[in-house]
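Please read the structure below before turning to the comments.
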Amino acid sequence: MTFLAVARLGRYTAAAEVLGLNHSTVSRRIAMLDASMGGRTLVRTAGGWEITDLGRRAMAAAESIEASLRALGEQAGGDPVQGMVRVAAPEAFTSAFLVPAVARLHRAHPGLAVELLAATQRVRQNRSGVDLEIVVGRPQVHRAYATPVCDYSLRLYATADYLARAGEPRTVDELAQHPLIYYVESSLQVDDLDRAVQRLPASPPSIRSTSVFAHVEATAAGAGIGVLPDFLAEHDQRLVAVLPDDYAHPLSYWAVVRDGPRSTAVAATLNALDEHVRSVGVG
Numbered sequence: 003m004t005f006l007a008v009a010r011l012g013r014y015t016a017a018a019e020v021l022g023l024n025h026s027t028v029s030r031r032i033a034m035l036d037a038s039m040g041g042r043t044l045v046r047t048a049g050g051w052e053i054t055d056l057g058r059r060a061m062a063a064a065e066s067i068e069a070s071l072r073a074l075g076e077q078a079g080g081d082p083v084q085g086m087v088r089v090a091a092p093e094a095f096t097s098a099f100l101v102p103a104v105a106r107l108h109r110a111h112p113g114l115a116v117e118l119l120a121a122t123q124r125v126r127q128n129r130s131g132v133d134l135e136i137v138v139g140r141p142q143v144h145r146a147y148a149t150p151v152c153d154y155s156l157r158l159y160a161t162a163d164y165l166a167r168a169g170e171p172r173t174v175d176e177l178a179q180h181p182l183i184y185y186v187e188s189s190l191q192v193d194d195l196d197r198a199v200q201r202l203p204a205s206p207p208s209i210r211s212t213s214v215f216a217h218v219e220a221t222a223a224g225a226g227i228g229v230l231p232d233f234l235a236e237h238d239q240r241l242v243a244v245l246p247d248d249y250a251h252p253l254s255y256w257a258v259v260r261d262g263p264r265s266t267a268v269a270a271t272l273n274a275l276d277e278h279v280r281s282v283g284v285g
């Protein structure tokens with residue numbers, strides 16, 4: 003089980019925290035497993051620990067043991083949805099979809115612990131201490147299970163006061179006269195998000211941030227025209243749509259799980275997320 007945790011999470015420290023052990027105990031147990039199997043089951047890479055060919059044999063055995071233990075727990079009346087699930091997701095998605103989904107899941111399964119990590123970035127190519135990643139755009143990743151979650155669009159919004167003061171643009175070209183509120187270009191790691199502003203004219207000096215909620219608040223404060231997710235902005239009564247028929251950048255959220263959703267807790271988290279997204283009618 004120690005090996006299984008390291009293989010899934012990619013780090014001794016992450017596995018130690020989940021298992022309630024210290025780092026040296028995890029290291030010692032992996033060394034004992036290697037000795038008993040006659041070779042290395044894990045190899046260190048830049049992104050964390052990856053399983054070797056020998057490790058794949060150990061993985062199959064460990065997952066069989068895990069499934070047997072889970073079945074025993076279910077027969078004894080225990081809740082199979084428990085333990086720790088770590089999810090990395092963009093903050094807008096986390097706030098709008100992930101938090102309500104896992105809150106409902108936790109009420110049904112109080113033995114489940116969930117850690118939510120705000121991250122708007124490309125999918126990680128190696129395990130990095132998370133069980134589930136939500137990313138923007140279809141991910142290109144090996145040895146992982148990926149499934150679409152929902153579609154949305156980036157659109158243009160401003161306040162009525164700003165438009166009355168600065169003038170409402172009638173064409174995309176006229177956006178050159180307005181500050182555009184969006185991500186800090188040098189920190190943007192997602193190509194699909196970068197492409198959202200490539201068809202827009204260069205902006206005068208404006209407020210930029212790595213936080214989508216800063217984009218919303220800067221737009222609501224009348225600092226310019228915001229390039230915002232429609233699922234956040236369309237329900238904000240402070241904002242009105244700008245050029246709704248001329249500009250929209252369609253995007254999608256995808257979920258990525260390493261080695262498939264084999265963990266009962268991870269599978270339950272994915273299912274709860276899917277149910278919540280469908281219930282609110284997005285994508």
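My numbering applies: residue 3 is where the sequence shown begins, and numbers increase by one. By construction, the Cβ of each residue, glycine as well, lies at the ideal position given by its N, Cα and C atoms. Values in this document were obtained by computation on a predicted structure and should not be read as measured data.
Residue from P207, S213, Y184 and I209 with nearest C-alpha to V199: Y184
With 16 other Cβ atoms within 10 Å as the buried cut-off, status of T149: exposed
Expected contact under 8 Å - CB spacing of P141 and V258 to nearest Å: 5 Å
Distance between L118 and S211 (C-alpha atoms, nearest Å): 21 Å
Alpha helix (DSSP H) segments (min. 4 residues) lying fully within the region 129-202: 162-168 and 193-196
Selected residue, minimal CA-CA separation from L23, among P82, V8, H251 and A223: V8
Residue interval of the alpha helix (DSSP H) (run including I32): H25 to M39
Extent of the continuous alpha helix (DSSP H) run through T4: T4 to L11
One or two residues paired with A259 in a DSSP bridge: Contrary to the premise, residue 259 reads as Val rather than Ala in this sequence. L134 and Y147, per the DSSP bridge assignment.
Given Q191 as reference, the closest of S155, V89, L100 and G139 once Cα atoms are compared: G139
C-alpha distance - V282 paired with A274, whole-angstrom precision: 13 Å
Limits of the beta strand (DSSP E) - the one that V284 falls within: Segment: none, V284 is in no beta strand (DSSP E) and carries neither H nor E.
7 Å CB neighbourhood of D196 in its chain, flanking five on each side removed: L190
For G226, the three-state DSSP class (helix, strand or coil): coil
Pairwise C-alpha distance: V218 and L156: 12 Å
CB of L134 within 8 Å of CB of V83, strictly: no
Classification of P207 by the beta-carbon crowding that lies within 10 angstroms, buried from 16 upward: exposed
Residue interval of the beta strand (DSSP E) (run including G110): Reading off the sequence shown, one finds Ala at residue 110, where the question assumed Gly. That residue, A110, is in no beta strand (DSSP E); its alpha helix (DSSP H) goes V101 to A110.
With 16 other Cβ atoms within 10 Å as the buried cut-off, status of I67: exposed
Where S70 falls, given that 16 or more other Cβ within 10 Å makes a residue buried: exposed
Three-way DSSP call (helix, strand, coil) for A290 in this model: Outside the displayed range of the chain (3 to 285) lies residue 290, so it cannot be described from this structure.
Contacts around L100, its chain only, beta-carbon distance under 6 Å, and the 5 residues preceding and following it disregarded: A91
Reference G50, options G41, A62 and T15, closest by Cα: T15
CA-to-CA distance, R31 to A18, given in whole angstroms: 11 Å
Limits of the beta strand (DSSP E) - the one that T243 falls within: Going by the sequence as given, residue 243 is Ala instead of Thr. Element bounds for A243: V242 to V244.
R109 versus V116: straight-line alpha-carbon distance, rounded: 12 Å
According to DSSP, residues forming a beta bridge with A62: Its beta-bridge partners do not exist; DSSP assigns none.
C-alpha gap between W256 and C152, whole angstroms: 7 Å
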